[in-house]
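In our numbering, the protein residues as written are 6 to 127.
One structure is given here, and the rest of the page talks about it.
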């Protein structure tokens, strides 16, 4: 694991993050896109009780019902929690996926996501 310092504040827009289990079915809404160039590879998924951004690598598309809707199976457990952080905070990174770091704050055990562009490796 690597240590990073926050160089730009981040406050999540999604206080109720989607949680998925391997083997679960979801709907992909292809009409919802994030145009941020550094964040390609994320798709908007809808589960029974929630929705959120999911890395496309953990999905197996099963059925394209239309140009804007697909059905997929989740290949591994996934939790879309994002950390709220301020400049100068330190995080410990576990993995990088599509421009985001899966990490935990130095004083917490819970892992979550932060945009890699808001961090510098120490």
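All residues carry an ideal CB built from backbone N, CA and C; glycine is no exception.
Owing to the predicted nature of the structure, the values given are computational and were not obtained by experimental measurement.
Quick check on residue i: does DSSP put it in helix, strand or coil?
i	result
residue 60	strand
residue 80	coil
residue 43	helix
residue 75	strand
Excluding sequence positions up to five away, which residues of its chain have a Cβ less than 7 Å from the Cβ of residue i?
i	result
residue 80	27, 63, 64 and 65
residue 91	11 and 14
residue 120	15, 104 and 105
residue 51	31, 32 and 34
If the criterion is Cβ atoms closer than 7 Å, does the pair residue i and residue j meet it?
i	j	result
residue 41	residue 87	no
residue 77	residue 69	no
Can you give me the start and stop residues for the beta strand (DSSP E) that residue i sits inside?
i	result
residue 99	95-102
residue 119	116-120
residue 4	Outside the displayed range of the chain (6 to 127) lies residue 4, so it cannot be described from this structure.
Problem - Cβ pair count under 8 Å reaching 3, the region 46-63 against the region 97-110 - result: yes
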